[in-house]
Amino acid sequence: MIIQQLVNGLTLGAAYTLVALAFSLVMGVLGILNLAVAELFMFGAYVGLTMLIAGYSIPVALLGAMLTAAVLSFAIEKIAYEPLRNSPLVTPMLSTVGVSIILQNVATNIWGSDPYQLPDEYLGQRIDLGLFAIGEMQLLVIGAAIVLVALLGFLVERTNIGRALRAVAENRDVARLLGVSATRLTLVAFLISGALAGAAGLLIALHYAAVTPYIGVETGLKAIAVMVVGGVTRIWGALLAGPLIGMAEVLTVAYGGAALRDFIVYGFMIVVLLVRPGGLLSQRGGAEGQRS
Amino acid sequence: MTGQPLLEVDRVSRRFGGVTALNDVSLTVPEGRIVGVIGPNGAGKTTVFNVITGAYPPSAGTVRFAGRPLVKLPSHRIARAGIARTFQNLRLFPSMTVLEHLIVAQQKAGALSSLLPVRLGDRKSLQTAEEVLAFFGLEEHRNRLASELPYGLQRKVEMARALSMRPRLLLLDEPVAGMTHEETAEVAALLRRLTATGVALLLIEHDMTFVMGLCEHLYVLDFGQLIAQGTPEEVRNNPAVLDAYLGAEA
Amino acid sequence: MISTYTAALLADIGILGLGALSVYVILSTGQLSLGNAAFMGIGAYASSVLTVSYGLPITLALVLAAVLTGLIGVVVGFPALRLKGIYLAMATLGFGEMVRSFFLNLPYTGGSAGFHGMTHVSVGYIWAWTAGLVLLVFLLESSRFWLKLRAVHDDEAAASLLGLDVTALKVGAFGVGAAIAAVAGGLFAHHHVYIEPGNFGFERSIELVIAVILGGSTVAPGALVGAAIVVLLPEHLRFLSQWRLAAFGTLLIVVLLTRRQGLLDRPLLRWLTPWARA
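Chains as they are written, first to last, in the numbering used here: chain A, 5 to 296; chain B, -2 to 247; chain C, 996 to 1273.
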């Protein structure tokens, strides 16, 4: 039974990891929390589901979700971030809040505020592996997440753009001095961040078989916790923290009661912020996570 | 005037990881006198200031102010004890007017009056602020945002703010950096008038004319060590000092 | 005599205004709190338990709730000292979610079913508190003490070297902010006579911050202006029917792009009140 729960937690965690990475990319390059990511997640879910129900295959729907979210993210960068890039950090952050409000409203108008459901035929089989059963969809979610994270990892470790992203995340001032183009990098960060969020959205939708316009905020906040626990700019950290938090959540609900769930997750996040600001994988009291 | 100096930096060392920024440095500032600290860039002069004001503790040695060791005190307590400082790169408050800069740092005005609207219930702070404004010739700029003033005036505001604390010792970190000859001469005159009121000055500067003309005693640092001290004449002719400056192409 | 509809709107503005004021006070020291709805929630539940289960008069209950929440705010303020900017914001966000979860989990106050039984307070009573507290903070803003808060906001290190006890000021701001939010929460509870944890979650915290940012983040009355905008604008945008919220989000972005300090700032306030020496 507990293994079953762990598998559920892993699935949830996979989605969290992707959204956490989406937040992390923007955070690393710009130092701000792009709260619109939560709604890009939601939008990706809706667009993806709509495409599925229209008859497209899952990979195509996934691509559609990612593309839509990336395009939206691009627009957000141009309209809500660019003009404000020299303002104190609160300002562009609140700008992204404004975008979130708009996106939520748009989604509610297009698809309604009742849960948008995936018809049964898409639910897929459950595969019985003896100790536990895993749904086809769960496998898909975990698999897709792994692929996406691997792609991101490759991008960040092996390409020039990726190196630049890492450099800026490490130390924005030095990176600028070394001639890293901030504008292009920002755009790339926003695009990838959108794509990841959009993918996560569809994957979660497949896991739960339904979405509402409000899933963005709930998952978004948890993903922020995952980002913090994993270490705000560390990919491997998010990869570990996502499933960790996902499993912690699921286990708490199964054995401790649903209401305790958020308490544990956010409590953990706050402890990490105070004791290991660079994330679980960092050195004790490292100030690396505390660039102002 | 007691025999004890106002400020005693006693064999202070400061290490940052592997780097020794200060090594066994001692200096004193007597009441109401002007003392200077000079040396090539990177000699550790600002580090001395930082240790005195409590930005970080010394790795060895102590600092005493009016006989009292400062080492365990947090920065704001040290400031309240009577030590004020200005910064190499100005640190004015972006949202405040000149007048506001001169009110915020005042410590001697009453606690209750600090809660009342300044214009109505805090005559004393306004008075002190006006005095300081007058001293620096900043009256006509009192309601302007300090950040909008020309550089020379901003430096004056920074000094005025420190003075509004009514300190016994004022630490000035490159007070005339980037100033014209007239401005520099003006500041020198202001500082002399200041010591006449009893305030002691410890200053860091690169402008040799300014330093030699103003300071009564000089300490020379190089690579965190004290390499010479004495009157301006003595220091000017000290071969070790010439070496340090010429060698380091100051 | 005003209509029930107008009274309801005025009540909401008053309550939200106090909530926004609580964010404002903390923001004055440079700390952004995305979790003030949690303090509202604590104040709401505490005051409601005091009036419903212990029969205390509403004003006393509000004061006690404010003191309790203020103390909690001080407790929160200490670890907050270790965090800067966005990290503090995230921590307060987490704190807000934890408090919401706490009340969801607390059977004594009804858990997810909520708490009810409070006696209704009038719009007049709400505004007595709102106007009083806003006025108090407004007067305090022209004092030497408030300059110290602003110094901490502008440059903590420099402020410390001027003799300002940055720790006390920042923690104190959290405490006072929390207390003000508690009053807002208590008034909310006794006006809507039913509360549930969802009333005091992330969306509410964001609402408070939006009010401060839109209305004016550098002067106390800005909180009221912002509250009025947040409450009234969707009403006046009814003609846009289901696109109201999108319009609201757009307005937020537009204001941030064109007038960052919000609608009301010091120069405008001085211009509007030539008789007062602000």
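All C-beta atoms in this analysis are idealised placements derived from N, C-alpha and C, irrespective of residue type, glycine included.
Secondary structure of phenylalanine 90 of chain B (DSSP, three-state): coil. Put simply, the region 1170 to 1185 of chain C does not touch the region 1204 to 1219 of chain C. Fewer than three CB pairs are less than 8 Å apart. With distances taken between CA atoms, glycine 139 of chain A lies nearest to A/Val11 out of A/Ile274, A/Phe272 and A/Val11. Among the residues facing chain C, valine 101 of chain B is included, as its CB has a counterpart in that chain under 8 Å away. With fewer than 16 other beta carbons inside 10 angstroms of its own, valine 64 of chain A counts as exposed. Valine 1058 of chain C and glutamate 136 of chain B have their C-alpha atoms roughly 45 Å apart.
Taken atom to atom, the span from the alpha-carbon of alanine 229 of chain A to that of tyrosine 212 of chain A is near 21 Å. Asparagine 1100 of chain C counts as buried, since at least 16 other C-beta atoms from the protein chains shown sit within 10 angstroms of its C-beta. Residues of chain B whose Cβ lies closer than 7 Å to the Cβ of alanine 1146 of chain C are, in chain order, Phe90 and Val101. Residue contact check for methionine 176 of chain B against chain C: no CB pair falls below 8 Å. Alanine 154 of chain A and leucine 207 of chain A do not touch by the CB rule: their CB atoms are close to 15 Å apart, not below 8 Å.
Taking 3 residues as the minimum length, the beta strand (DSSP E) runs contained wholly in the region 50 to 123 of chain B are 57 to 62 and 80 to 82, in order along the chain. Considered as a whole, the region 135 to 205 of chain B harbours 166 to 170 and 197 to 201 as its complete beta strand (DSSP E) runs of no fewer than 3 residues, in chain order. Under the 8 Å criterion on CB atoms, glutamate 127 of chain B is classed as non-interfacial with respect to chain C. With a threshold of 8 Å between beta carbons, leucine 225 of chain A makes contact with chain C.
Around the beta carbon of aspartate 170 of chain B, a 10 Å sphere encloses 16 or more other beta carbons of the protein chains shown; the residue is thus reported as buried. Alanine 1242 of chain C and glutamate 183 of chain B have their C-alpha atoms roughly 57 Å apart.
The C-alpha of isoleucine 249 of chain A is placed about 26 Å away from the C-alpha of glycine 1036 of chain C.
For the pair of segments examined, the region 7 to 14 of chain B was found not to touch the region 172 to 187 of chain B: the number of CB pairs separated by less than 8 Å stays below three. Residue state for aspartate 7 of chain B is assigned as strand, using DSSP reduced to three classes. When CB distances to chain A are screened at a threshold of 8 Å, the residues of the region 1071 to 1100 of chain C falling below it are Pro1074, Arg1077, Leu1078, Lys1079, Gly1080, Ile1081, Tyr1082, Ala1084, Met1085, Ala1086, Leu1088, Gly1089, Phe1090, Glu1092, Met1093, Arg1095, Ser1096, Phe1097, Leu1099 and Asn1100, in chain order.
Under the three-state reduction of DSSP, histidine 1148 of chain C is assigned to helix.
Of the other Cβ atoms in all chains shown, fewer than 16 fall within 10 Å of the Cβ of leucine 239 of chain B; this residue is therefore exposed. Residues are counted here when their Cβ sits less than 9 Å from a Cβ of chain A; for the region 1019 to 1049 of chain C these are Leu1022 and Leu1027, given in chain order.
Here leucine 44 of chain A has Ala73, Leu76, Ser77, Gly198, Ala201 and Gly202 as same chain residues with Cβ atoms under 7 Å from its own Cβ, once five neighbours each way along the sequence are excluded. Around the C-beta of leucine 109 of chain B, fewer than 16 other C-beta atoms lie within 10 Å, and the residue is accordingly described as exposed. Interface annotation, glycine 1158 of chain C: in contact with chain B, CB-CB separation under 8 Å. The C-alpha of alanine 262 of chain A lies about 35 Å from the C-alpha of alanine 58 of chain A. Taking 7 Å as the upper bound on Cβ-Cβ separation, chain A lies near residues Gln1237, Trp1238, Leu1240, Ala1241, Phe1243, Gly1244, Thr1245, Leu1247, Ile1248 and Leu1251 of the region 1232 to 1251 of chain C. When rounded, the separation of the alpha-carbon atoms in leucine 1259 of chain C and leucine 96 of chain B is 22 Å.
Leucine 112 of chain B belongs to the set of residues whose beta carbon lies under 8 Å from a beta carbon in chain C. Rounded to the nearest whole angstrom, the CA to CA distance from leucine 199 of chain B to valine 34 of chain B is 7 Å. Around the beta carbon of arginine 82 of chain B, 16 or more other beta carbons sit within 10 angstroms, so the residue counts as buried.
Comparing alpha carbon positions, the residue from A/Glu81, A/Ala111, A/Ile106 and A/Glu161 closest to alanine 186 of chain A is A/Glu81. One Cα belongs to leucine 107 of chain A, the other to isoleucine 1201 of chain C, and the distance between them is close to 16 Å.
Interface annotation, histidine 138 of chain B: not in contact with chain C, CB-CB separation never under 8 Å.
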